[in-house]
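Numbered per our numbering, the sequence shown finishes at 496, counting up by one with no gaps. Working notes, structure below.
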Amino acid sequence: MKKILFAASEVYPLMKTGGLGDVAGTLPITLRNMRHDVRVVMPAYRDVLKNAGQPKLVATGLPGVITPTRIWETKLPGSTVKTWLVDSPEHFDRSGHPYCGPDGNDWPDNADRYAAFCHAVTAIALDRAGLAWTPDIVHCNDWQTGLVPALLATETARPATVFTIHNLAYQGLFSWPTFQRLNLPASLWSFDAIEFFGRLSFIKGGLVFADMLNTVSPTYAEEICTPQYGYGLEGLLVARKNELTGILNGADYSAWDPANDVLIKQRYDVGTLHKKAIDKDELRRKFGLPAAADTPLIGFVGRLVEQKGIDLLLAAMPQLLAMDIQIVILGSGEARFEEALSLIAQQQPDRLGVRIGYNEQLAHDIEAGADMFCMPSRFEPCGLNQLYSLRYGTVPIVHRTGGLADTVTDATDDGITSGAATGFVFDTPDAAALLDAIRRAIAQYRQPHSWQKLVRNGMHKDFSWKRSAIQYLALYKRAEQTRTTGADI
Ligand code: ADP
Ligand code: GLC
8 MKKILFAASE
18 VYPLMKTGGL
28 GDVAGTLPIT
38 LRNMRHDVRV
48 VMPAYRDVLK
58 NAGQPKLVAT
68 GLPGVITPTR
78 IWETKLPGST
88 VKTWLVDSPE
98 HFDRSGHPYC
108 GPDGNDWPDN
118 ADRYAAFCHA
128 VTAIALDRAG
138 LAWTPDIVHC
148 NDWQTGLVPA
158 LLATETARPA
168 TVFTIHNLAY
178 QGLFSWPTFQ
188 RLNLPASLWS
198 FDAIEFFGRL
208 SFIKGGLVFA
218 DMLNTVSPTY
228 AEEICTPQYG
238 YGLEGLLVAR
248 KNELTGILNG
258 ADYSAWDPAN
268 DVLIKQRYDV
278 GTLHKKAIDK
288 DELRRKFGLP
298 AAADTPLIGF
308 VGRLVEQKGI
318 DLLLAAMPQL
328 LAMDIQIVIL
338 GSGEARFEEA
348 LSLIAQQQPD
358 RLGVRIGYNE
368 QLAHDIEAGA
378 DMFCMPSRFE
388 PCGLNQLYSL
398 RYGTVPIVHR
408 TGGLADTVTD
418 ATDDGITSGA
428 ATGFVFDTPD
438 AAALLDAIRR
448 AIAQYRQPHS
458 WQKLVRNGMH
468 KDFSWKRSAI
478 QYLALYKRAE
488 QTRTTGADI
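And the structure:
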């Protein structure tokens with residue numbers, strides 16, 4: 008049995024802005040079900056404290072942390088996983104989005120907020136928070152936890168550390184005066200540590216100091232070692248290639264399976280696929296699209312940012328809307344994309360339905376009701392929606408990158424027959440290639456027999472978390488084996 012402290016800045020269902028929340032809400036429960044002693048630690052945002060039931064106060068004040076900090080203990084909803092909420096009101100007692108203010112810009116004190124979180128995680132990891140528990144492993148996720156491996160590295164007795172890169176595009180970069188203000192060990196201001204071209208880089212704390220590194224798909228693990236995807240960190244990642252692996256995320260089938268999805272109008276499975284038509288009608292109804300039984304319906308759910316290729320979808324829109332298809336889009340993000348999409352939906356309400364915002368219910372409706380799911384991401388560390396789509400018989404159309412390349416197999420006649428093919432994959436991230444893939448998908452849709460086979464191929468694929476959790480356990484073991492203590496920084 009391993010003792011694992013899992014640190015993340017969002018954990019579903021307490022807080023979620025994207026896939027990190029999904030992963031942090033599921034992997035710990037999977038490990039717990041495999042009889043490991045996992046504890047989760049996350050910031051006590053105002054909404055988290057509101058939704059955490061009746062948490063127990065387990066610590067007041069932390070050594071080395073000057074701002075008033077308390078730790079509350081609760082359970083991850085629906086599980087026995089102990090969850091510690093780091094309550095530093097100055098940093099986390101605000102409503103709304105965890106990373107940005109109401110104006111959509113990052114909170115100006117994000118460096119202070121996540122440095123405070125990292126100090127608290129470090130104190131817990133070293134059993135200096137009065138919680139009477141010492142982990143074997145600290146598993147950190149993304150830049151918000153990046154300082155933890157750096158702070159732990161100077162200790163002579165410490166747990167092993169693993170750092171997971173969910174998205175290298177977000178690095179937690181701040182100025183030199185910010186570094187000074189944070190009162191971090193002066194030795195960390197070095198190109199071999201967390202300084203990055205004159206700035207403080209939170210993510211480098213993880214990349215340089217964690218005993219083992221991973222990202223969330225094998226292909227993305229390769230991609231980030233190249234200049235195109237590495238953002239200048241590729242040299243460091245290549246240097247650490249022996250300690251860097253790719254572990255695919257799983258899908259939480261207790262929430263994302265049409266056979267037992269409590270949010271969708273009509274449940275169905277591979278044996279009752281005809282019932283999916285009821286969810287298609289419901290989806291059209293919710294988006295105000297006219298009924299058109301034979302018209303394929305394409306869905307999109309995601310953050311409206313360039314990463315997700317929403318600009319490619321916009322560029323392809325005139326041609327798409329001239330075809331006999333309907334499209335539904337749910338997302339929020341950059342104002343320019345929100346506005347452009349809303350405008351087209353107003354002009355062509357029979358063809359395009361757009362909902363701006365974050366809406367868990369509608370995300371499930373789209374997975375269940377659409378015929379195809381479009382993910383033209385320019386890069387995608389793993390991606391979860393294509394995994395959900397496969398299970399819902401909603402054929403994914405994806406760019407061949409990162410986790411999309413690892414989880415969707417392009418439709419060929421042979422592949423459809425053999426069971427290998429599950430979707431449509433295109434190679435260049437441009438509107439023409441996307442259009443071509445959508446045209447291929449529509450042509451296939453018009454051949455009901457092989458379409459049904461393609462749909463079923465996807466529904467039979469298994470991306471459950473257990474397989475990934477076994478790989479994480481192997482990674483934890485390697486981290487314990489490679490751990491050095493009192494690093495010479
Ligand atoms: P990322 O983490 O890069 O945003 P993922 O595909 O890994 O992408 O995960 C996104 C998760 O967030 C999925 O569970 C998806 O359904 C959800 N999601 C994204 N945008 C929305 C939205 N506007 N409303 C509801 N759920 C959303
Ligand atoms: C990131 C990535 C996404 C991945 C998610 C969870 O947000 O953009 O591809 O699925 O993290 O690992």
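The C-beta atom is built at its ideal place from N, Cα and C for all residues, glycine as well.
Kindly indicate which three-state DSSP category residue i falls into: helix, strand or coil?
i: Arg39; result: helix
i: Phe470; result: coil
i: Pro50; result: strand
i: Pro75; result: strand
i: Ala14; result: strand
i: Ile496; result: With a pLDDT of 45 at Ile496, under the threshold of 50, the modelled position of this residue cannot be trusted, and the question is left open.
i: Leu138; result: coil
i: Trp91; result: strand
i: Asp417; result: strand
i: Thr489; result: helix
i: Arg206; result: strand
i: Asn221; result: strand
i: Ile373; result: helix
i: Asp113; result: strand
i: Leu255; result: coil
i: Thr424; result: helix
i: Val245; result: helix
i: Pro265; result: coil
i: Pro504; result: Because the chain spans 8 through 496 in this model, residue 504 falls outside it and cannot be assessed.
i: Phe344; result: helix
i: Tyr227; result: helix
i: Ala438; result: helix
i: Leu214; result: helix
i: Glu387; result: coil
i: Ile271; result: coil
i: Thr33; result: helix
i: Cys232; result: coil
i: Asp378; result: coil
i: Ala83; result: The sequence shown places Leu at residue 83, rather than the Ala named in the question. Correct three-state label for Leu83: coil.
For residue i and residue j, which I take to be in contact (beta-carbon distance under 8 Å), what is that distance rounded to the nearest angstrom?
i: His126; j: Leu69; result: 7 Å
i: Tyr399; j: Pro303; result: Not quite, the Cβ-Cβ distance comes to about 15 Å (not below 8 Å), so this is no contact.
i: Thr171; j: Asn190; result: At roughly 27 Å, the Cβ-Cβ gap does not stay under 8 Å, so Thr171 and Asn190 are not in contact.
i: Trp114; j: Asp94; result: Contact doesn't hold; Cβ gap of about 17 Å is too wide.
i: Val215; j: Ala130; result: At roughly 21 Å, the Cβ-Cβ gap does not stay under 8 Å, so Val215 and Ala130 are not in contact.
i: Leu391; j: Asp29; result: 6 Å
i: Gly360; j: Phe294; result: 3 Å
i: Asp286; j: Gly376; result: 4 Å
i: Glu313; j: Arg247; result: Not quite, the Cβ-Cβ distance comes to about 27 Å (not below 8 Å), so this is no contact.
i: Arg447; j: Met219; result: Contact flag wrong, Cβ pair sits at about 40 Å.
Taking the CB atoms as reference points, tell me whether residue i and residue j lie closer together than 8 Å.
i: Val47; j: Ala66; result: no
i: Ile423; j: Leu290; result: no
i: Ser182; j: Arg165; result: no
i: Trp150; j: Tyr177; result: yes
i: Asp413; j: Ser224; result: yes
i: Thr152; j: Ala14; result: yes
i: Leu83; j: Pro156; result: no
i: Ile363; j: Glu387; result: no
i: Phe470; j: Gly257; result: yes
i: Gly60; j: Thr81; result: yes
i: Ala167; j: Arg490; result: yes
i: Ala122; j: Leu12; result: no
Taking the beta carbon of residue i as the centre, do at least 16 other beta carbons fall within 10 Å, making it buried, or is it exposed?
i: Leu337; result: buried
i: Phe198; result: exposed
i: Met8; result: exposed
i: Asp495; result: Any reading at Asp495 must be qualified, since the residue scores a pLDDT of 45, below 50, and its modelled position is unreliable; the value itself is stated next. Result: exposed.
i: Asn249; result: exposed
i: Asn112; result: exposed
i: His173; result: buried
i: Ala329; result: exposed
i: Val475; result: Strictly speaking, residue 475 in this sequence is Ser, with Val absent from that position. Buried: at least 16 other Cβ atoms inside 10 Å.
i: Lys315; result: buried
i: Gln451; result: buried
i: Val308; result: buried
i: Leu64; result: exposed
i: Cys504; result: With the chain covering 8 to 496 only, the question about residue 504 has no answer from this structure.
i: Asn267; result: exposed
i: Gly306; result: buried
i: Arg358; result: buried
i: Leu482; result: buried
task: Starting from the N-terminal side, write out each stretch of the beta strand (DSSP E) that is 3 residues or longer and does not extend beyond the region 128-204.
output: 144-148, 167-172
field: Segments of 3+ residues assigned as beta strand (DSSP E) that fall wholly inside the region 286-340
entry: 304-311, 333-340
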